[in-house]
Ligand code: ARG
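Numbering (the numbering used here), first residue to last: 501 to 962.
Structural data, given as structure tokens:
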């Protein structure tokens, strides 16, 4: 056991308590950001004349060499240390001697870990944005290919009105676009540097917090030292945004699972993203989509875990806050894995367009348009609704579509039916007449897609 705080103690810590308290098994992910933060801190200490330039150079070189050795496998991060901060400081002192003992001047592990988490979370926001842009680009390409692929649109999982595959996919485009914009908001709000807050009340050294903030790419320093060391709002916001991404992925997965079922047969999932059964030779299961749906609950759990951890914590730092890490790492790892795999699965999905179109034809998805046809011939909408309702009942009985009835038969329901009814209720007409912005007609969709293209080319996090 190599702790930073031996001086005040006469006895040694209980072994179980040591393990219980230690965070190195998971905060070792902070190796790189801790080195970056410590180097910026040393640079600032030298600029302010608190340490010498030689000491600063030794510290920076020493930290870099530790990082390289760990990355090359020449130095192992072991449980001998309480956390990654202790590991780095102990190794630095071992390598450069007394100068290493100065790196923690004007700093506490409380502002150090707050900085590490922000730097780490910032890079993950950037990664999430890349992954969200990828899924948006895949969707954009699929939409362009399917402006006239007809399918039923559903409400209550009952066939409702005809739409196109491009339009259906466009709904997910909007969801992931909002997710991406959320990443930008979160980054903007969290981009302030807590370093220099000390344990809770700043320090008596003449630190230049603006300088370290600038060196580390933040807009500026945080403005209250107690809040700086105990704020985890940005993680909660981030995890809420991750939960929303997962909710979108889960809804999409659910649809793919339904579309992949024997009954629907709208899609064929590529073999690369399906698994078989150990007993039933005919099976090809959508396990990846199911697991994405399943892992959504886990990411919600991570968010709940941190919210609950934070709710009773008095100012300022308390050790409970160490619990933020495993929850956040789990949420970010799972969301990124799911998003990556899901995007690949989506890009390789094959659509059975004939089955989709047939399903739209056979589901009375043109019933509203048939009623609108009668309205155009002068019938009040409520009466038209009732006529078409009776017509549908008749078709259900005959196991046919409205379009299958002869004009003579149609006329027994209303004299207003003419030969032009067949064109008026064709899938193509039903979709093409829905021209308002946001509706499924190819013309309306083309306008939306040029807005999407502009969004995809001009999006930036800054
Ligand atoms: N491992 C700790 C955490 O993750 C680092 C901060 C320790 N600070 C302290 N006062 N014990 O929160």
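Backbone N, C-alpha and C fix where the C-beta goes; we use that ideal spot for every residue, glycine too.
- prompt: Quick one: Cα of residue 940 to Cα of residue 622, how far?
  reply: Your numbering for residue 940 matches position 440 in the chain shown. Your numbering for residue 622 matches position 122 in the chain shown. Roughly 38 Å between the two C-alpha positions.
- request: Would you tell me roughly how many angstroms separate the C-alpha atoms of residue 581 and residue 956, rounded to the nearest one?
  value: For the purposes of this step, residue 581 is taken as residue 81 along the chain shown, with counting starting at 1. For the purposes of this step, residue 956 is taken as residue 456 along the chain shown, with counting starting at 1. Going by the C-alpha atoms only, they are around 46 Å apart.
- prompt: Would a C-beta distance cut-off of 8 Å place residue 802 and residue 809 closer than the cut-off?
  reply: Against the chain shown, residue 802 aligns to sequence position 302. Against the chain shown, residue 809 aligns to sequence position 309. Their beta carbons are not under 8 Å apart, which means residue 802 does not touch residue 809 by this criterion.
message: If we require 4 or more residues per run, which alpha helix (DSSP H) segments fall completely within the stretch 817 to 893?
response: With a minimum length of 4 residues, the continuous alpha helix (DSSP H) runs that stay inside the stretch 817 to 893 are 824 to 847, 853 to 862, 867 to 876.
- request: Round the Cβ separation of residue 744 and residue 679 to the nearest angstrom and send it over; I've been treating them as touching at under 8 Å.
  value: What you label residue 744 is simply residue 244 of the chain shown in a count that begins at 1. What you label residue 679 is simply residue 179 of the chain shown in a count that begins at 1. Residue 744 to residue 679, Cβ: 6 Å. Contact.
- prompt: Which residue or residues does DSSP assign as beta-bridge partners of residue 625?
  reply: For the purposes of this step, residue 625 is identified with residue 125 of the chain shown, where counting begins at 1. Beta-bridge pairing by DSSP links residue 625 to no other residue.
- prompt: Is the closest heavy atom of ligand 1 to the C-beta of residue 817 under 7 Å?
  reply: Taking the chain shown and counting its residues from 1, one reaches residue 817 at position 317. Short note on residue 817: C-beta closer than 7 Å to some heavy atom of ligand 1.
task: Can you check DSSP and say which residues form a bridge with residue 596?
output: Within the chain shown, residue 596 is the residue found at index 96, counting from 1. In the DSSP secondary-structure assignment, residue 596 is not bridged to any residue.
- prompt: Is it buried or exposed for residue 631, if we count other Cβ within 10 angstroms and need 16 for buried?
  reply: Counting from 1 along the chain shown, the entry for residue 631 is found at position 131. By the C-beta density criterion, residue 631 is buried, having at least 16 other C-beta atoms within 10 angstroms.
query: Which of the three DSSP states, helix, strand or coil, is assigned to residue 688?
result: To locate residue 688, count along the chain shown from 1; it is residue 188. Reduced to three states, the DSSP call for residue 688 is helix.
message: Going by DSSP in three states, residue 801 sits in which element: helix, strand or coil?
response: Counted from its first residue, the chain shown places residue 801 at position 301. DSSP places residue 801 in helix when its eight states are reduced to three.
query: Between the Cα of residue 766 and the Cα atoms of 915, 858, 561, which residue gives the shortest distance?
result: If you number the chain shown from 1, residue 766 lands on position 266. Ranking 915, 858, 561 by Cα distance to residue 766 puts 858 first.
task: Could you spell out where the alpha helix (DSSP H) holding residue 663 opens and where it closes?
output: Here residue 663 corresponds to residue number 163 of the chain shown, with the count starting at 1. No alpha helix (DSSP H) contains residue 663, which is instead part of the beta strand (DSSP E) from 658 to 664.
message: Is residue 732 near ligand 1 - that is, is its Cβ less than 7 Å away from at least one heavy atom of it?
response: Here residue 732 is taken as the residue at index 232 of the chain shown, counted from 1. Shortest gap from the CB of residue 732 to any heavy atom of ligand 1: 7 Å or more.
field: When 849, 921, 913, 721 are compared against residue 872, the one with the closest alpha-carbon
entry: Mapped onto the chain shown, residue 872 falls at position 372. A check of alpha carbon separations from residue 872 across 849, 921, 913, 721 identifies 921 as the nearest.
- request: May I have the straight-line CA-CA distance separating residue 816 from residue 824, to the nearest angstrom?
  value: Indexing the chain shown from 1 puts residue 816 at position 316. Indexing the chain shown from 1 puts residue 824 at position 324. Their backbone Cα atoms lie some 15 Å apart in a straight line.
query: Near residue 800, what residues of its chain come up, given a Cβ to Cβ distance below 6 Å and the 5 sequence neighbours on each side ignored?
result: As a working mapping, residue 800 is identified with position 300 in the chain shown. Spatial neighbours of residue 800 in its own chain (CB-CB distance under 6 Å, excluding positions within 5 residues in sequence) are listed in chain order as 743.
field: Per-residue DSSP class, three states only, for residue 610
entry: Position 110 of the chain shown, counted from the first residue, corresponds to residue 610. Helix, per DSSP.
task: Identify the continuous alpha helix (DSSP H) that holds residue 581 and give its terminal residues.
output: Residue numbering aside, residue 581 sits at position 81 when the chain shown is read from its first letter. Unbroken run through residue 581: none, as it is neither H nor E.
task: Please state whether DSSP places residue 744 in a helix, a strand or coil.
output: Position 244 of the chain shown holds residue 744. Three-state DSSP puts residue 744 in a helix.
- request: Determine the DSSP secondary structure at residue 780, reduced to helix, strand or coil.
  value: Residue numbering aside, residue 780 sits at position 280 when the chain shown is read from its first letter. Here residue 780 sits in coil by DSSP.
- request: Might you give, ordered along the chain, the residues of its own chain that have their beta carbon closer than 7 Å to the beta carbon of residue 725, omitting 5 neighbours on each side?
  value: For the purposes of this step, residue 725 is identified with residue 225 of the chain shown, where counting begins at 1. Correct list, in chain order: 697, 698, 700, 701, 702.
message: Given 7 Å as the limit, tell me if residue 489 has its C-beta closer than that to any heavy atom belonging to ligand 1.
response: What is shown of the chain runs 501 to 962, which leaves residue 489 out entirely.
Test item: CB-CB of residue 504 and residue 624 under 8 Å: What you label residue 504 is simply residue 4 of the chain shown in a count that begins at 1. What you label residue 624 is simply residue 124 of the chain shown in a count that begins at 1. Taking 8 Å as the cut-off, the Cβ atoms of residue 504 and residue 624 do not count as close.
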